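Protein chains in written order, with the numbering used here: chain A, 35 to 439; chain B, 89 to 391. Even for Gly, the Cβ is constructed at its ideal location relative to N, Cα and C. These numbers come from a predicted model, not from an experiment. Taking it in order: structure first as structure tokens, then the write-up.
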């Protein structure tokens with residue numbers, strides 16, 4: 035490829051990498067991702083996830099078997115500690131919330147069949163104590179029951195066999211569901227394509243607008259030709275987009291797998307291929323459309339209604355996302371997902387929520403590839419003329435004429 | 089040797105003809121002035137020469153030493169409108185633009201530093217372009233246009249917007265460039281500036297050629313002499329005595345200036361001096377380009 039294209043690409047890459055806009059767009063977004071990832075999780079933690087630790091003042095001498103039984107249960111509701119200090123001191127510490135709480139076990143344990151064991155605590159969440167109480171109650175009931183039966187002459191081994199507990203375990207009934215990991219990845223890729231392409235695209239557009247209005251384009255075009263200039267720009271910003279996506283993807287993966295703990299399913303080579311294809315082509319297509327808009331406008335400020343529509347083009351599929359989640363294979367969704375500017379996002383969103391037939395994906399790749407080629411060509415041609423045309427916006431019909439020429 | 093050949097250029101914008109049948113040459117090693125008042129069509133002509141816009145008809149040909157295989161690298165171009173990458177650092181911009189002209193980046197950076205120092209901008213190499221004053225930015229842009237030591241430098245209004253000190257500095261540098269072998273096509277509406285620098289001029293008005301050729305010859309052919317007198321006595325007598333052998337007579341107490349008409353030689357003119365005017369000082373000289381232009385432009389529009 036042409037050396038001058040790389041010169042322009044390197045310039046655009048390094049200059050914009052240092053720009054505030056790029057830093058803000060690139061860093062603020064992952065922070066938002068992290069916040070979105072963290073907050074619900076954090077709020078959930080507040081509920082009852084952490085086990086309650088209770089101190090036991092053991093006047094009945096049963097701490098060991100009690101603790102063993104509690105630990106042998108598959109539960110993360112309660113931990114026990116043997117109290118070594120006076121009750122008054124524990125009470126004080128519980129009031130000050132240094133410890134979750136304590137309870138006293140006196141002899142004989144069977145006396146508690148008449149009245150409850152009191153748990154002294156100053157915890158805000160009563161539900162955690164209730165949960166802990168349930169666990170302790172079942173363990174202690176067994177312990178006391180075993181003792182009673184033993185006193186009545188039953189063999190310990192027999193007692194165990196006779197009093198085995200009966201458990202209930204919930205089984206959630208739902209349609210055959212896709213795991214979270216299965217849809218997070220394509221959905222995430224779709225969002226990153228939209229955001230990154232829009233960011234890069236608008237930076238291309240603004241850059242072109244500036245170069246056009248301060249006429250540095252004349253200097254650049256007195257050295258290289260317009261194709262090299264725009265190709266270099268698209269390439270340079272592709273590099274920026276890639277850097278951005280890598281950062282976002284990296285942060286996103288860490289957040290998903292390490293913090294929220296959502297496994298990302300294995301990606302097949304075919305998936306890997308079309309994710310990449312959608313990204314590269316999606317970016318090129320959107321950046322070209324934006325470049326075309328920039329080159330054909332009089333200046334950066336001038337933006338007619340029609341232009342606004344084109345600028346918003348990439349985010350339109352997001353408005354369909356609710357519909358896609360509900361019925362990813364509805365006929366209209368399938369049809370709209372073949373409208374070229376929507377292909378990367380719509381297809382990825384569909385594949386997040388359903389199995390998109392391979393032939394549809396392949397067809398979409400062909401359509402997208404073809405359309406992107408046309409857009410790049412059109413942008414190059416309009417750029418050639420528009421960059422050196424001053425003082426007025428190109429009309430849509432002029433753009434169309436130059437793009438075809 | 090001709091380095092640039094422009095033939096029969098025509099260009100219209102929305103039905104309005106702004107360049108009318110212009111033909112001129114730029115010879116190797118010279119400073120050629122492209123002159124005319126604002127709106128004469130200079131910038132359009134230069135943009136056509138640079139290939140930025142296409143002509144409706146006519147041709148622009150560079151000699152192979154300036155442009156082969158369509159490469160514009162041996163041409164340096166300072167556009168009329170000033171603009172650089174606002175957010176970039178001065179040295180980076182020069183390095184990049186030099187690089188685009190085919191210089192290695194480190195060479196471009198070194199050259200840029202030399203030039204910045206030479207134009208008193210050495211301390212500002214790491215400043216952003218947006219932090220520079222207008223004049224400074226103009227110097228930077230000027231450097232950008234000649235950093236690669238072009239065979240041909242096309243400078244559109246290089247003196248516009250500069251203070252007198254910097255105008256002189258630019259004049260010196262343009263003269264130096266020429267000495268070091270760069271051919272220069274200089275466009276300006278400031279005729280006095282161009283007059284001091286150029287051997288040949290191509291002067292246009294409303295898109296049409298007014299004057300074309302060697303500056304001295306043009307002045308010679310114009311035929312008039314500029315006379316400046318200091319005297320004692322009644323200046324009105326001068327008008328009576330010379331009649332229509334002179335033109336543009338201006339009298340201020342004790343001094344007068346006028347043009348002798350063609351054929352009215354200094355010798356003859358002395359004979360006609362009225363006795364009642366006691367001449368203290370006489371200065372004879374060629375008329376400034378500006379006056380020739382005005383005369384020609386007026387004449388042209390009558391034809």
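Cutoff 7 Å: residue 187(B) Cβ touching any chain A Cβ:
yes
What separation, rounded to the nearest whole angstrom, lies between the Cα atoms of residue 206(B) and residue 317(B)?
43 Å
Assumed close pair residue 119(B), residue 242(B) - CB separation to whole angstroms, cut-off 8 Å
Contact doesn't hold; Cβ gap of about 12 Å is too wide.
Find the residues of chain A that neighbour residue 171(B), judging by a C-beta separation of less than 9 Å, and give them in chain order.
244, 245, 247, 248, 249, 250, 251, 252, 253
What do you get for residue 278(A), buried or exposed, if any count of 16 or more other CB atoms within 10 angstroms of its CB means buried?
When all chains shown are included, residue 278(A) counts as buried.
Once DSSP output is grouped into helix, strand and coil, what is the label at residue 30(B)?
Absent from the structure is residue 30(B), since the part of chain B shown begins at 89 and ends at 391.
Can you name, in chain order, every residue of its own chain whose Cβ lies under 8 Å from the Cβ of residue 218(B), other than the five neighbours on each side?
The answer, listed in chain order, is 174, 175.
Through-space distance from residue 131(B) to residue 170(B), alpha-carbon basis
13 Å
Measuring alpha carbon to alpha carbon, tell me which of 306(A), 176(A), 249(A), 368(A) ends up nearest residue 384(A).
The candidate whose alpha carbon is nearest that of residue 384(A) is 368(A).
Residue 11(A) lies in the alpha helix (DSSP H); which residues open and close that run?
With chain A covering only 35 through 439, there is no way to say anything about residue 11(A).
Which residues does DSSP pair with residue 145(B) in a beta bridge?
Residue pairing by DSSP puts residue 145(B) in a beta bridge opposite 98(B).
Is there a Cβ of chain A sitting closer than 7 Å to that of residue 391(B), yes or no?
Here the model assigns residue 391(B) a pLDDT of 33, short of 50, so the residue's position is not dependable, and the following value carries that caveat. It does not: the Cβ of residue 391(B) has no partner Cβ on chain A nearer than 7 Å.
Residue 267(A) touches chain B at which residues, Cβ-Cβ below 8 Å?
Within 8 Å Cβ-Cβ: nothing; residue 267(A) doesn't reach chain B, min ~13 Å.
Which bits of chain A does residue 175(B) rub up against, with CB to CB less than 8 Å?
49, 53
Is residue 244(B) near the ligand NAP, judged by its Cβ being under 6 Å from some heavy atom?
For the ligand NAP, the structure offers nothing, since it holds no ligand at all.
Thinking C-beta only, is residue 172(B) closer than 7 Å to residue 226(B)?
no
Here's the rule: buried if 16 or more other CB atoms are within 10 angstroms of the residue's CB, otherwise exposed. What is residue 397(A)?
Around the C-beta of residue 397(A), fewer than 16 other C-beta atoms lie within 10 Å, and the residue is accordingly described as exposed.
Assign residue 376(A) to buried or exposed, taking buried as 16 or more other Cβ atoms, counted over all protein chains shown, within 10 Å of its Cβ.
buried
Cut-off 7 Å between Cβ atoms - residues of its own chain near residue 393(B), not counting five sequence neighbours on either side
In the structure as shown, chain B starts at 89 and stops at 391, and residue 393(B) therefore has no counterpart that could be examined.
So, helix, strand or coil for residue 336(B), using DSSP?
strand
Cβ contact check for the segment 55 to 63 of chain A and the segment 275 to 290 of chain A: 3 or more pairs under 8 Å
yes
Please classify residue 200(A) as buried or exposed, where buried requires at least 16 other C-beta atoms within 10 Å of its C-beta.
exposed
Cβ closer than 7 Å: which chain B residues qualify as neighbours of residue 256(A)?
Those within 7 Å of residue 256(A) in chain B are 138, 160, 163, 165.
Enumerated in chain order, which unbroken segments of the beta strand (DSSP E) with a length of 3 residues or greater are wholly contained in the segment 96 to 180 of chain A?
When DSSP assignments are scanned along the segment 96 to 180 of chain A, the uninterrupted stretches of beta strand (DSSP E) that are 3 or more residues long and fall wholly within it turn out to be 112 to 116, 135 to 139, 153 to 155.
Chain A partners of residue 225(B), CB-CB under 7 Å?
By Cβ distance, chain A contributes nothing, its closest Cβ being about 10 Å from residue 225(B), past 7 Å.
So, with DSSP's three-state summary, where would you put residue 343(A)?
helix
Proximity below 7 Å, CB of residue 239(B) to CB of residue 298(B)
no
Can you give me the C-alpha to C-alpha distance between residue 165(A) and residue 224(A), rounded to a whole angstrom?
42 Å
Is it true that the CB of residue 378(B) sits closer than 7 Å to the CB of residue 128(B)?
no
Quick check: what's the CA-CA separation for residue 271(B) versus residue 431(A)?
43 Å
Buried versus exposed call for residue 366(A) [16 or more other C-beta atoms within 10 Å across all chains shown]:
exposed
Could you have a look at residue 360(B) and say whether DSSP puts it in helix, strand or coil?
coil
If distances are taken between C-alpha atoms only, which option among 282(B), 181(B), 385(B) comes closest to residue 256(B)?
282(B)
Spatial distance of residue 181(A) from residue 287(A) (CA atoms)
When the Cα atoms are used, residue 181(A) and residue 287(A) turn out to be separated by approximately 54 Å.
What residue range does the beta strand (DSSP E) around residue 331(B) cover?
Taken as a continuous stretch (DSSP letters only), residue 331(B) belongs to no beta strand (DSSP E), as it is neither H nor E.
Since residue 232(B) meets chain A, which of its residues come closer than 8 Å, beta carbon to beta carbon?
253
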